[in-house]
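Student: Questions regarding the structure given below will be posed in turn.
In my numbering, the protein residues as written are 102 to 296.
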């Protein structure tokens with residue numbers, strides 16, 4: 102845990118001081134990879150200038166925060182916690198993670214509270230994130246692992262794979278997908294862009 106293999110060209114943007122080459126190395130050790138924490142569920146903006154990921158407590162495996170790695174117009178990389186994460190109001194338990202950008206980069210979806218529900222933030226005209234709102238597609242149970250196809254269909258799990266489509270500005274549940282999975286538990290799905 103905490104190791105990422107990132108394939109880079111010398112001209113590609115990168116937060117670390119050196120490119121890893123062909124040997125896997127801890128990514129941004131002491132900045133992103135810190136003792137006692139795991140990192141997971143990375144999502145990148147279409148232009149590659151924003152990366153979002155979950156930071157998890159290594160002992161309890163509790164999602165603690167969503168981190169943003171972003172590149173400014175002058176090429177500098179920074180690491181921070183987005184304001185919507187700092188301001189999130191928890192109903193049950195402090196728990197937030199699994200960020201996933203829509204293919205157009207205009208919405209960021211995530212799970213929060215516990216048991217987790219699906220939330221989203223919308224990018225404003227200024228490029229900032231607006232306030233979080235819970236998705237209509239959220240179920241009464243725990244929802245996990247939001248992922249998208251290029252045609253803006255949302256897929257997420259709670260034991261089974263579920264599908265939601267945009268209707269009237271929100272995501273409305275369309276049902277479950279009949280996908281035979283050994284053991285019957287679907288986790289961390291990634292949809293091919295063309296569905």
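Glycine included, C-beta positions come from ideal geometry on N, C-alpha and C. No experiment lies behind these values; they were computed from the predicted model shown.
By DSSP, does residue 189 sit in helix, in strand, or in coil?
Tutor: Residue 189 falls in the coil class under three-state DSSP.
Student: Identify, in the order they occur along the chain, each residue of the same chain with its Cβ nearer than 7 angstroms to the Cβ of residue 239, setting aside the five sequence neighbours on each side.
Tutor: Answer for residue 239: 218, 219, listed in chain order.
Student: DSSP three-state call for residue 207: helix, strand or coil?
Tutor: Here residue 207 sits in coil by DSSP.
Student: Looking only at C-alpha atoms, which of 226, 255, 212 sits nearest to residue 234?
Tutor: Checked all of 226, 255, 212; the closest Cα to residue 234 is 212.
Student: Where does residue 253 sit, in a helix, a strand or coil, going by DSSP?
Tutor: In the structure shown, residue 253 sits in coil (DSSP, three-state: anything other than H, G, I, E or B).
Student: Evaluate the contact criterion for the stretch 265-277 versus the stretch 285-295: three or more CB pairs, one atom per stretch, below 8 angstroms.
Tutor: Because the criterion of three Cβ pairs below 8 angstroms is not met, the stretch 265-277 and the stretch 285-295 do not touch.
Student: Apply the 10 Å Cβ neighbour rule to residue 161 and answer buried if 16 or more other Cβ atoms are within range, or exposed otherwise.
Tutor: Looking at its Cβ environment, which holds fewer than 16 other Cβ atoms inside 10 Å, residue 161 is exposed.
Student: Going along the chain, which residues of its own chain have a beta-carbon closer than 7 angstroms to the beta-carbon of residue 181, five neighbours each way excluded?
Tutor: 169, listed in sequence order.
Student: Select from 138, 166, 224 the residue whose C-alpha is nearest the C-alpha of residue 207.
Tutor: Measuring from the Cα of residue 207, the nearest candidate turns out to be 224.
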